[in-house]
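J.:
Now the structure itself:
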């Protein structure tokens, strides 16, 4: 049974977090413009749970992930880790906190320094942060390599000698080196073959149990998110459109985008595949530089009304504990938000 | 329509000979959609590239027979093969972002293909391009014809690529992972498009993918490849209802379910993808197979019925129990 | 697009202004040296020095001096050399420009045609003996110093083999203006053209080959092949077309530099009175007014060539056109 998390105070809290990027200089066509890569996002992660962040390309999930561990500075909003404000800390002040939150990246081929041996790569965080002796470091590295399912003689080799799945294991070992409480995994299995994906997903699950970790798991693959997350947040064009317990969100999505997303996932069962009524969205995701008025999703939404085109819905709670940013949620037991 | 027999493709490299495709045989009938499933190194792409002679590596050795409409394609001089390529057999690739030449408009590129294979005036070719773009779902094809690839999104670019591939009414379209690089909602659109076009044009489609879900949605028959060999093939229904090969079981079990109970752990396939330089003498999958036994030191041939075959020595009677008995491999195994 | 062009021209003028200020400061504001002495040349009498000081306003503040200098250079164009008394600098510069232009443009035509041909053939026959030989020849072409090659050419064509039918047509060193003697103009320039082009042909051939081979790995080339296009068409219409940007950039830099005076060695060796030769002589004599004029002229040319190349990008690469515009 997957841990139900949700005990006590949140480990990480984001309130109204936004991240803007400036595009273009004063003299380029169109002038300087702001891209709201992350737009007023509020969420929280409790110890022991796994929050799945899912969305398509351009939705801002990777940017949000990096903002949450302060790899980027945030443009607006508040960020709190274990109750402490980290949104406005300088880099130097953030340093000791880095031990508590670590990141695993997507590309197993690009995220490991090809000139370093695996043992050094894993030991580096320990050397940088801890006042540990060489013997302690070696022992910890041996422990880590065993945790992720590799062998001690792998430590002497270079990254290019390993397959994608193995490199990802190395990346995970490195992330675990400092015993973090929170791991943000940014599409850690997207670049892997299907059979290896399953191995790495299993590894994440095992590690979560053994080490009592909390994850923020970012992916675009809905089936993987469903497997690993206790709660799921769906993002579209920089904002969260729905968030709630994974089971509930998948079984009865409240936001039309979530509904379309789930129905678009191809199912490996011919009987179900043929009979299924699939919702195919028209059009493309609009550019984040030019978001539509009102609800960001309205141009592609089958249920859009005038209200949707003019007023942007805020994230509102439903009866079953979920939150949805929609004027007419599809389920959840609550009447549509009061319209003016 | 397309008969591939005993296709072997190997590459001479510094480290030795890589057998990318090792004795592969399959058929594609008129108007059918064949799904070819495999992971990296399975040989799925190389097999289909050799069908239209796109393997130009001087270190490649291609043997076997590829017969298209009663014509042997292997050994055909490039000049003649070019008449088949793009005209009767078209191919589209994975990444739509880089699939089209950036300095020409999409209309120009479609017209180029049309004019290469047909005698046509520029204006007629341009009109054909407009018609094709309309067919694949462009809202304003007359304007789209003059756009450059970089001005379109990924999904639209893939549609343009499909329009281009269909421009000469090919009898066979080979699609190499056409939706892997696209978002899942866009993937749904493109798969719908491919099916619609199959209905409207009657072309057969070979769809190469690693995604069993895509295969379940779209294919009529399925081919599963591993380490350059076909390990199982059959109709979609049979393959999904009662797959015979342990690798197929592993592929299906690796996909987390979207509905129903969540397994505590996924029943993954242990071990790593095979190195094509150092394959074991017998069954290529044996090192990772939980059901291997003494016979597996011999290379299994495809056996079964006419419509469903698998390359595995497991006796049919034991298959069900073997599959049911699979438990998740400990994550520590690598 | 018009806006982009105007912007580019604006940038160009800005850069020119910056260069002119920098050149001016180097000549007029270097501590410890007296600009008057430099302008007046060596062994100038005190009266000359005084006259110079007055004429150039050397007792006035720097911006005034700058303004005076720029006026003499561009507006009144009556800057005179003191080393060669009374020799008006600007007309002198303008007189020699056609020589350099003739030399460089002719060589440019040769090296572009040759370089592109070499690059295409080498890329098309990649890995073969022909490819390797072409690259080797190209390397040799790049490594031969142009003055050495020029002297060798002179040795062969002017003296050793001059009597033979091969080179008897080669006229004595020197330039013949196009307007007065077209045939002579052509003949005097053939050997210099070949000499100057050899270096660049090798360079461009090698660069283009590398670009074409790289382009050949791109996905869109694979698509073009899958369309059933012929290899020739793929090479020229798809691979070459997309590699043009690099070649054009290089060309802009090289052409600009050469016309600005970098063809100096060739001009000296072949006795052509071009802008390079003029600069060289002025440097030998430390004739400051001429040096100032040639430096300004050279920088003008380089900046213009680069600006033109930038504007050409917009035509060559559609991706540059819509950068910044959202889909």
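Residue numbers (the numbering used here), protein chains in the order written: chain A, 2 to 341; chain B, 151 to 484; chain C, 25 to 351.
Cβ coordinates follow ideal geometry from the N, Cα and C atoms, glycine included.
Can you give me the C-alpha to C-alpha distance between residue 222 of chain B and residue 253 of chain C, rounded to a whole angstrom?
T.: In the second chain, residue 222 of chain B corresponds to position 72, counting from 1. In the third chain, residue 253 of chain C corresponds to position 229, counting from 1. Spanning the alpha carbons of residue 222 of chain B and residue 253 of chain C requires a straight line of approximately 21 angstroms.
J.: Out of B:433, B:167, B:306, B:437, which has the shortest C-alpha to C-alpha gap to residue 426 of chain B?
T.: Here residue 426 of chain B refers to the residue found at position 276 of the second chain. Of B:433, B:167, B:306, B:437, the residue nearest in Cα terms is B:167.
J.: Quick one: which chain C residues come within Cβ less than 8 angstroms of residue 304 of chain B?
T.: Position 154 of the second chain, counted from the first residue, corresponds to residue 304 of chain B. Under the 8 angstroms cutoff, chain C gives no residues; its nearest Cβ is about 11 angstroms from residue 304 of chain B.
J.: What is the DSSP secondary structure of residue 12 of chain A, reduced to helix, strand or coil?
T.: For the purposes of this step, residue 12 of chain A is identified with residue 11 of the first chain, where counting begins at 1. In this structure, residue 12 of chain A counts as coil in the three-state DSSP scheme.
J.: Name the chain B residues that come within less than 7 angstroms of residue 242 of chain C, Cβ to Cβ?
T.: As a first step, residue 242 of chain C must be located in the third chain, where it is residue number 218. Going along chain B in sequence order, the residues near residue 242 of chain C (Cβ under 7 angstroms) are 248.
J.: Alpha carbon to alpha carbon, how far is residue 298 of chain C from residue 166 of chain C?
T.: Translated into positions along the third chain, residue 298 of chain C becomes position 274. Translated into positions along the third chain, residue 166 of chain C becomes position 142. Each residue's alpha carbon lies about 23 angstroms from the other.
J.: Tell me the DSSP bridge mates of residue 218 of chain A?
T.: Against the first chain, residue 218 of chain A aligns to sequence position 217. DSSP lists A:53, A:186 as partners of residue 218 of chain A.
J.: For a contact meaning CB atoms closer than 9 angstroms, what does residue 139 of chain C contact in chain B?
T.: As a position in the third chain, residue 139 of chain C is number 115, starting the count at 1. Going along chain B, no residue has its Cβ under 9 angstroms from residue 139 of chain C, so there is no contact; the nearest lies around 20 angstroms.
J.: Comparing alpha-carbon positions, which option in B:406, B:219, B:213 lies nearest residue 155 of chain B?
T.: Taking the first residue of the second chain as position 1, residue 155 of chain B is located at position 5. Closest by alpha carbon: B:213.
J.: Please classify residue 174 of chain A as buried or exposed, where buried requires at least 16 neighbouring CB atoms within 10 angstroms.
T.: For the purposes of this step, residue 174 of chain A is identified with residue 173 of the first chain, where counting begins at 1. With 16 or more other Cβ atoms within 10 Å, it is buried.
J.: Would residue 311 of chain B count as contacting chain A if we go by Cβ distances under 8 angstroms?
T.: Working through the second chain from its first residue, we reach residue 311 of chain B at position 161. No, no contact with chain A.
J.: Roughly how many angstroms lie between the CA atoms of residue 315 of chain C and residue 44 of chain C, to the nearest whole one?
T.: As a working mapping, residue 315 of chain C is identified with position 291 in the third chain. As a working mapping, residue 44 of chain C is identified with position 20 in the third chain. Approximately 13 angstroms between the Cα atoms of the pair.
J.: So that I know if they touch, is there some Cβ in chain A lying closer than 8 angstroms to that of residue 185 of chain B?
T.: By 1-based counting over the second chain, the position of residue 185 of chain B is 35. Taking Cβ atoms only, chain A never reaches closer than 8 angstroms to residue 185 of chain B, which makes this a no.
J.: Measuring alpha carbon to alpha carbon, tell me which of B:217, B:314, B:234, B:409 ends up nearest residue 246 of chain B.
T.: Counted from its first residue, the second chain places residue 246 of chain B at position 96. Checking every option, the nearest Cα to that of residue 246 of chain B belongs to B:314.
J.: Would you kindly work out how many angstroms separate the C-alpha atoms of residue 193 of chain B and residue 126 of chain A, rounded to a whole number?
T.: Residue 193 of chain B sits at position 43 when you count from the first residue of the second chain. Residue 126 of chain A sits at position 125 when you count from the first residue of the first chain. Straight-line Cα distance between these residues: approximately 40 angstroms.
J.: With C-beta atoms as the reference, is residue 293 of chain A less than 8 angstroms away from residue 299 of chain A?
T.: Counting from 1 along the first chain, the entry for residue 293 of chain A is found at position 292. Counting from 1 along the first chain, the entry for residue 299 of chain A is found at position 298. Yes, these two residues count as a Cβ contact at 8 angstroms.
J.: Flag residue 191 of chain A as yes if its beta-carbon sits less than 8 angstroms from any beta-carbon of chain B, otherwise no.
T.: Taking the first chain and counting its residues from 1, one reaches residue 191 of chain A at position 190. Not an interface residue.
J.: Between the C-alpha atoms of residue 144 of chain A and residue 208 of chain A, what's the straight-line distance to the nearest angstrom?
T.: On the first chain, position 143 is the one that residue 144 of chain A refers to. On the first chain, position 207 is the one that residue 208 of chain A refers to. For residue 144 of chain A and residue 208 of chain A, the distance between alpha carbons rounds to 13 angstroms.
J.: I believe residue 241 of chain A touches residue 233 of chain A by the beta-carbon criterion, under 8 angstroms. Please report the beta-carbon distance rounded to the nearest angstrom.
T.: Start at 1 with the first residue of the first chain, and residue 241 of chain A comes out as number 240. Start at 1 with the first residue of the first chain, and residue 233 of chain A comes out as number 232. Contact annotation, residue 241 of chain A with residue 233 of chain A: C-beta distance approximately 10 angstroms; criterion of less than 8 angstroms not satisfied.
J.: Give the straight-line distance between the Cα atoms of residue 238 of chain C and residue 230 of chain C, rounded to the nearest whole angstrom.
T.: Walking along the third chain from the start, residue 238 of chain C turns up at place 214. Walking along the third chain from the start, residue 230 of chain C turns up at place 206. If I take the Cα positions, the gap works out to 12 angstroms.
J.: Consider the Cβ of residue 428 of chain B: report whether some Cβ of chain A lies at a distance smaller than 8 angstroms.
T.: For the purposes of this step, residue 428 of chain B is taken as residue 278 along the second chain, with counting starting at 1. Not an interface residue.
J.: For residue 96 of chain C, is the classification buried or exposed, using 16 other Cβ atoms within 10 angstroms of its Cβ as the cut-off for buried?
T.: As a working mapping, residue 96 of chain C is identified with position 72 in the third chain. Residue 96 of chain C comes out buried.
J.: According to DSSP, is residue 204 of chain C part of a helix, a strand, or is it coil?
T.: Taking the first residue of the third chain as position 1, residue 204 of chain C is located at position 180. Of the three classes helix, strand and coil, the one that applies to residue 204 of chain C here is coil, per DSSP.
J.: With a threshold of 8 angstroms between beta-carbons, can residue 319 of chain B be considered close to chain C, or not?
T.: Reading the second chain from its first residue, position 169 is the one you call residue 319 of chain B. No, no contact with chain C.
J.: Would you list the residues sitting across from residue 379 of chain B in a DSSP beta bridge?
T.: Position 229 of the second chain holds residue 379 of chain B. Answer is B:376, bridged to residue 379 of chain B.
J.: Which runs of the beta strand (DSSP E) at least 3 residues long sit entirely within the segment 59–99 of chain C? Give them in chain order.
T.: Runs of the beta strand (DSSP E) inside the segment 59–99 of chain C: none found.
J.: Report yes if the CB atom of residue 257 of chain A is closer than 8 angstroms to the CB atom of residue 331 of chain A, and no otherwise.
T.: The residue you call residue 257 of chain A lines up with position 256 of the first chain. The residue you call residue 331 of chain A lines up with position 330 of the first chain. Result yes, Cβ atoms of residue 257 of chain A and residue 331 of chain A sit closer than 8 angstroms.
J.: So that I know if they touch, is there some Cβ in chain B lying closer than 8 angstroms to that of residue 164 of chain A?
T.: Taking the first chain and counting its residues from 1, the one referred to as residue 164 of chain A is at position 163. So yes, residue 164 of chain A belongs to the interface.
J.: Over the uninterrupted alpha helix (DSSP H) stretch that includes residue 294 of chain B, give me the two end residues.
T.: Reading the second chain from its first residue, position 144 is the one you call residue 294 of chain B. Residues 291–294.
J.: With distances taken between CB atoms, is the gap from residue 289 of chain C to residue 191 of chain C smaller than 8 angstroms?
T.: Within the third chain, residue 289 of chain C is the residue found at index 265, counting from 1. Within the third chain, residue 191 of chain C is the residue found at index 167, counting from 1. Contact: no.
J.: For the alpha helix (DSSP H) that contains residue 40 of chain C, what are its first and last residues?
T.: Taking the first residue of the third chain as 1, we reach residue 40 of chain C at position 16. Looking at the DSSP string, the run of the alpha helix (DSSP H) that includes residue 40 of chain C is 26–52.
J.: Between A:148, A:69, A:191, A:14, which lies nearest to residue 211 of chain A when the distance is taken from Cα to Cα?
T.: Here the question's residue 211 of chain A lines up with position 210 in the first chain. The option with the nearest alpha carbon to residue 211 of chain A is A:148.
J.: Does the beta carbon of residue 268 of chain B come closer than 8 angstroms to any beta carbon on chain A?
T.: Walking along the second chain from the start, residue 268 of chain B turns up at place 118. With 8 angstroms as the cut-off, residue 268 of chain B does not count as an interface residue toward chain A.
J.: Can the beta-carbon of residue 293 of chain C be found closer than 8 angstroms to that of residue 174 of chain C?
T.: As a working mapping, residue 293 of chain C is identified with position 269 in the third chain. As a working mapping, residue 174 of chain C is identified with position 150 in the third chain. Against a cut-off of 8 angstroms, the Cβ pair of residue 174 of chain C and residue 293 of chain C comes out as a contact.
J.: For a cutoff of 8 angstroms on Cβ pairs, would you count residue 221 of chain A as touching chain B?
T.: Walking along the first chain from the start, residue 221 of chain A turns up at place 220. Cβ-Cβ to chain B under 8 angstroms: yes for residue 221 of chain A.
J.: With a CB to CB cut of under 7 angstroms and the five nearest residues on each side skipped, what residues in its chain are close to residue 109 of chain A?
T.: By 1-based counting over the first chain, the position of residue 109 of chain A is 108. Contacts found: 165, 168, 169, 172, 192.
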